[in-house]
Every structure is written in structure tokens, then in C-alpha cells.
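Read the structure below first, then the notes.
In the UniProt record's numbering, the protein residues as written are 1 to 675.
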């Protein structure tokens with residue numbers, strides 16, 4: 001009989017009997033803890049043998065596997081027809097549930113891409129976090145938004161298309177009505193497609209196609225086209241245009257020289273190497289197109305403790321290329337992986353062409369692998385130094401917090417929620433995000449309380465968390481689809497498959513997407529809600545914790561750990577309230593956890609208070625304007641947007657008031673006379 005003494009199994013005899021009934025067939029197994037939460041997803045071509053191997057002598061298991069086994073209390077299996085089907089199902093379940101003991105590509109749902117809207121009359125080139133089947137071209141993924149911004153800025157300087165972050169459709173239409181271009185045209189950063197006559201549709205599309213060729217590594221063709229255009233402009237005595245084309249040509253030629261990495265083979269391939277140390281791992285990918293290095297991106301993996309190099313590479317490949325819009329014919333790998341034929345078969349199905357997995361041992365390709373490995377080690381060292389220096393105290397706090405709460409890994413992403421109001425009026429809530437112990441303001445969100453009347457912090461928190469995680473469920477479900485209908489039915493049976501719905505239409509006002517945004521912008525905004533916390537903190541005691549538990553459980557996110565922060569009357573004491581535990585954890589003054597928790601909680605409080613004051617100020621301003629005849633809701637909203645405060649409106653001249661959208665001189669004069 002297997003040894004279940006180191007597990008959380010309640011009835012070893014019944015558990016062993018269930019194990020005996022597991023078939024020796026391909027499939028997926030799912031380990032669960034005593035609370036029924038999924039902690040690991042694995043696959044095997046012989047399910048019974050693989051599952052029983054976890055319950056041998058503990059000394060034969062790695063430290064990470066021993067920790068996982070200690071939490072095993074239950075399991076489920078899904079038998080598949082083939083190993084390939086098992087791989088696809090495993091990938092889908094890991095993406096959907098992100099079990100804490102699986103190797104995970106960090107933030108794999110939020111990597112940015114470059115999108116080229118070829119389906120539009122005047123295409124845009126901009127960043128996005130969602131890949132859709134909408135006729136556009138996608139390039140990436142990139143490791144960070146910073147990488148995309150730098151690439152887009154370079155491309156805009158070289159090709160002068162519509163500025164990525166400045167020329168959205170509403171601005172484009174605005175300048176088209178004005179009949180004059182914006183400043184970017186004068187700076188030679190835009191060809192001016194918004195104004196008829198400055199550039200033809202054919203000329204602009206040719207520029208956009210050149211952008212795509214450049215991103216594909218086909219710079220030789222771009223150079224030939226530019227040289228031809230330059231010569232034509234010179235022959236036509238258009239010397240200013242010829243000089244402009246010459247400068248672009250020289251810039252692209254310099255970049256092309258730096259990109260050239262393969263002298264003998266002009267082929268598309270990705271080079272994948274990695275570096276790892278003390279449980280941290282960085283995978284470096286060199287994107288080579290047509291023998292040229294068009295991009296190099298580092299990606300961080302989590303949960304790699306005690307995993308083999310082969311498992312690390314295989315996990316990265318399956319998660320990374322499941323999102324990548326393009327798969328090249330060749331992947332150069334730093335090491336051999338498990339089940340290469342199955343993974344290659346999956347890649348071929350996804351790419352629509354043959355994909356070769358190769359481990360180079362000599363020559364130019366080996367040199368490329370060494371270059372990728374060198375970059376991976378450099379990135380890993382940067383991460384390590386960052387942690388050892390600026391984030392040393394934060395890491396100490398995170399480590400202590402992990403041990404205190406018995407978490408599987410460091411809580412890399414922590415979300416904290418706080419509610420603010422004035423005697424139940426103008427109730428709002430804040431969501432702040434800390435990653436690796438440091439604030440990430442770009443991920444902060446704020447909420448207006450919509451359904452709760454009066455001073456009810458518990459109900460307000462429940463509403464906010466339902467809205468936040470309903471958005472997360474909606475974003476995740478829109479990005480993921482099971483391999484087939486049968487798999488979807490199995491998952492719905494196993495995990496409940498909570499329905500999320502579309503949400504209230506006006507819910508979009510709370511940091512989902514701006515009113516009037518395009519479908520692509522709404523999709524991109526929605527995708528940002530897919531980033532899930534490793535730990536959720538709520539400002540409050542037992543009532544707030546229970547409200548959070550109820551909200552997350554109703555949407556299928558109960559696996560996320562929840563902790564309440566109960567403070568003393570003067571915020572001089574911070575206690576942690578855990579679900580299902582009657583006793584609180586009192587944080588001592590010398591505890592590294594105290595500084596971290598206090599900093600996060602106070603940031604959530606500051607953000608909530610700031611937003612509450614803004615809402616209260618606008619409400620006061622609105623009530624003052626409500627008493628003025630001729631100022632309806634639309635004009636009131638436009639005035640508030642234009643001047644920000646009642647004092648700002650008072651200081652504005654009649655001309656400035658009349659220039660506000662929806663206003664006219666008569667209304668402006670009446671308003672000025674009333675204030």
C-alpha cells in the first residue's frame with residue numbers, strides 16, 4: 001500500500017482504492033487540497049503509475065513535491081484519447097486555474113503585442129494585450145510594455161505612421177473635420193492621413209506594409225523600396241522629400257547591420273535559453289526572422305523550485321506559444337525536453353506548418369544559444385540585484401508573510417481593498433496593487449459604490465470584489481477555450497464553471513474603458529483585469545473577510561488567499577484576520593511583515609481617501625450648478641471636465657465658457673452672471 005502518512009488524505013484506505021481504479025491510459029490528473037482547491041495539474045501517458053509514484057518514500061521526492069504532497073487530500077482524473085489531447089487539456093487547465101505548484105509563466109495573460117490594423121482604411125500601429133481574429137497583424141509577445149513603447153517609437157520615427165499613443169480614432173476624426181494636421185505632421189512623425197491631399201491611401205498603406213516587413217526582419221526589401229522612392233523624388237526635383245527618404249534609409253540600414261546574426265542561413269527561428277538560481281528563472285528568447293535578430297525578450301517563470309531543466313523548457317514552450325500569434329519553422333533550445341514529438345505536433349497544428357525542435361551543439365546556431373544564455377544570466381542578475389538592494393526589506397517581508405500564512409510561494413502580486421465615505425454619502429473603494437513588495441500605480445483601480453445605500457463597509461466591499469473578479473472571469477473566459485466540447489463539459493462538472501455575464505453597461509465607467517472607446521480598446525482594457533493576485537488583503541475585520549470569501553467563491557476564485565487587516569483605534573496596531581480561524585495574528589513591532597502590511601494598507605487608504613474627496617468635490621460642484629437655469633446634465637458635465645472646480649468656472653471668461661462643448665455665448669453670459 002502506498003504511504004499516505006505525509007499527506008492530508010482523510011481516509012487512506014478509500015483513497016488507495018480509488019487510485020487502484022485509475023486506468024493506465026493517457027490523461028490528466030488534478031491534485032486537490034482539503035478545501036477542494038486545485039493545487040497541481042499534471043499529465044501522463046500512464047495515469048495510474050504516475051499518480052502512485054507520488055506516494056513512495058518521501059526522500060525520493062524533491063522539496064517542492066514533498067510540500068505539494070503534504071497538501072494532497074483528493075484528486076480528479078480526465079482520461080484522453082491520446083498524449084497530445086492530454087497535453088492540450090493540461091495546458092488549458094493550467095491557464096484557467098493557475099495551480100500554485102505548477103510552473104507558471106509570470107503574467108502570461110498580460111504580455112503586450114504590437115497590433116497593425118490592416119483591415120482599416122487608415123491602419124493604426126499600437127500596443128495591445130489581446131490577440132483577436134479580426135484581420136489585423138500581431139507581432140510579439142514582448143516582455144514588457146516598455147519594450148513595446150520603445151519599438152513603437154522607433155518605428156514611428158522611421159515610417160511616420162499615425163502616432164501609436166496619440167492618434168486614436170476620435171482624434172483622427174477631429175483633425176479630419178478641422179482640415180489640418182496636428183503637430184506630429186510638422187515634426188515629420190506622421191504623414192498626415194487625417195487631412196485629404198497630404199498622403200494617398202495607397203501611399204499610406206505602402207508605409208504600413210513596410211512596417212510589417214520591418215517587424216518580420218525583411219529590411220532588405222524595405223531598403224530597396226526606400227531607395228527607389230528616393231531616386232524617383234530626386235528625378236522629380238523633390239529634393240526635400242528625397243533628403244527625408246535618404247535619412248530614413250540610412251537609419252534603417254544602420255539598424256539592419258546590427259540585426260544581422262546569421263551569415264549562412266536566411267530563415268525564421270526562435271532561440272530559447274534560460275538561467276536559473278535559487279528558485280528564480282529567466283527564459284531569454286531571440287526572435288530571428290530572415291537571418292536577422294528582430295527582437296530579444298526575457299520572460300520570468302515562477303514555481304521552478306526543484307524542477308528539471310527539461311520540465312522548465314517544456315512548460316515555457318507550451319505556455320508561451322499558446323499565446324504567440326506566430327510560430328517559426330525552427331525552435332533552437334538550450335536543452336532537450338520531455339515528449340518533444342508531442343509538443344512539436346501541437347506546434348505544427350497551431351502554426352499550420354512543420355516545426356522543428358533542435359538543440360544546437362556547434363556552429364553559428366550554438367553561438368546564438370550562448371548569446372541568449374548570456375542575456376538570460378544578465379537579466380537574472382539584474383533581478384537578483386534589484387531584490388538584494390532596493391527591495392531587500394520588501395522581500396524579507398514577503399518571505400515572512402508567506403511563512404506566516406503558510407502560502408505555497410512568495411505572494412508576488414498583492415491586491416488590497418479599502419472603502420471610504422462620509423456618513424454613507426459618496427461611497428467609493430480603492431484597489432491598490434503591490435508587485436514584489438513595491439507599488440504598481442498603473443494597476444490601481446477605483447470604484448464608485450452603486451448598489452449599497454448608507455454606511456455599510458461590508459456590503460460595499462462585497463460589491464466591489466464581485467465587480468472586480470467578474471471582470472477577471474470575463475477576461476479569462478474570453479481568452480480561453482477548451483480543446484473540444486467534451487473537455488468543456490468535464491471542466492464545468494469539475495469546477496462549477498461560474499457564469500460571469502456581461503456586467504452592467506455603466507460599470508465600464510469604473511476603469512474598464514473610457515466611454516466611446518472602440519471594441520479593440522475595450523478588449524484591451526478588459527484584458528488587464530485578468531491579472532490575479534497571489535494574496536488579497538481587505539481593510540477590516542471578520543465581516544469584511546467573510547464578504548470577500550463569499551464574493552470570490554461565487555465567481556470561482558476561492559483559491560486566492562484572503563486576509564483582513566484589523567487596526568487599532570489610532571492605526572497603531574495591525575492584526576491579521578484569517579478565514580475560518582477564530583484567533584487573529586498579532587503583528588509584533590519588530591516583525592518584517594508589519595512594515596509591509598502597514599505600507600500596503602496605508603496606500604489603499606490614501607488612494608481611497610483621495611478618490612472620495614474628488615467625488616465629494618464634484619458632487620458639491622454639481623449641486624451648485626444644478627441651481628443655475630440653462631445648465632443641464634450635459635453642460636454641467638462638460639463644464640466640470642473643462643474647469644475642474646466651481647472656482648475654476650468662476651475665473652473663466654465668457655469666451656472660455658462659450659468654447660466648452662455644448663455651451664454657447666448666451667448660456668455662458670447667463671452662467672457668468674449667476675456666479
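Where a beta carbon is used, it is the ideal one built from N, C-alpha and C, also for glycine.
Pop quiz: residue 560 and residue 533 are said to be a contact at Cβ under 8 Å. What is the actual Cβ separation, rounded to whole angstroms? 6 Å
Can you grab the Cα-Cα spacing for the pair residue 425 / residue 461, in whole Å? 15 Å
Please say whether residue 142 and residue 123 have beta carbons closer to each other than 8 Å? no
Report the three-state DSSP secondary structure of residue 28 (helix, strand or coil). strand
Please report the straight-line C-alpha distance between residue 635 and residue 171, rounded to a whole angstrom. 21 Å
Between which two residues does the alpha helix (DSSP H) harbouring residue 91 extend? 83-97
Considering residue 176, what are the terminal residues of the beta strand (DSSP E) in which it resides? Taken as a continuous stretch (DSSP letters only), residue 176 belongs to no beta strand (DSSP E), being part of the alpha helix (DSSP H) at 169-178.
Buried or exposed (CB count within 10 angstroms, at least 16 for buried), residue 70: exposed
Quick one, are the C-beta atoms of residue 357 and residue 344 less than 8 Å apart? yes
Nearest-angstrom Cα distance between residue 216 and residue 348? 20 Å
Using CA coordinates, which residue listed in 288, 314 and 250 is at the minimum distance from residue 224? 250
When the Cα of residue 539 is compared with those of 430, 438 and 523, which residue comes out closest? 430
With DSSP as the reference, label residue 604 as helix, strand or coil. helix
Ignore the nearest five residues each way along the sequence and tell me which others in residue 567's own chain have a CB closer than 7 Å to its CB. 573 and 574
Classify residue 647 as helix, strand or coil using the three-state DSSP reduction. helix
Taking the beta carbon of residue 437 as the centre, do at least 16 other beta carbons fall within 10 Å, making it buried, or is it exposed? buried
Just how far apart, CA to CA, sit residue 300 and residue 81? 33 Å
Separation of residue 61 from residue 3, as counted between CA atoms: 13 Å
Length of the line joining the Cα atoms of residue 196 and residue 525: 32 Å
Just reading off the beta strand (DSSP E) that residue 45 is part of, what are its end residues? From DSSP, residue 45 is part of no beta strand (DSSP E); its letter is neither H nor E.
Excluding sequence positions up to five away, which residues of its chain have a Cβ less than 6 Å from the Cβ of residue 737? Residue 737 is absent from the model: the chain starts at 1 and stops at 675.
Rounded distance between the beta-carbons of residue 72 and residue 683, thought under 8 Å: Given a span of 1 to 675 for the chain in the structure shown, any question on residue 683 remains unanswerable.
Rounded C-alpha distance that separates residue 366 from residue 307: 24 Å
Return helix, strand or coil for residue 287, following the three-state DSSP convention. strand
Pairwise C-alpha distance: residue 174 and residue 596: 47 Å
Beta-carbon separation of residue 125 and residue 164 under 8 Å? yes
Contacting residues, own chain, Cβ-Cβ under 8 Å from residue 202 (five flanking each side not counted): none
Buried or exposed for residue 183, please, with buried defined as at least 16 other CB atoms from any protein chain shown within 10 angstroms of its CB. exposed
Under a three-way DSSP split, which group does residue 6 fall into? coil
Pull up the CB-CB distance for residue 219 and residue 150, whole angstroms please, since I reckon it's below 8 Å. At roughly 18 Å, the Cβ-Cβ gap does not stay under 8 Å, so residue 219 and residue 150 are not in contact.
Are three or more beta carbon pairs between the segment 446-462 and the segment 541-560 nearer than 8 Å? yes
Which residues does DSSP list as the beta-bridge partners of residue 417? 431 and 538
Flag this pair as yes or no: are the beta carbons of residue 578 and residue 414 separated by less than 8 Å? no
Please state the DSSP three-state secondary structure of residue 269. strand
Cβ of residue 103 within 8 Å of Cβ of residue 29? no
Own chain, CB closer than 6 Å to residue 342, minus 5 neighbours either side, in chain order: 83, 84 and 87
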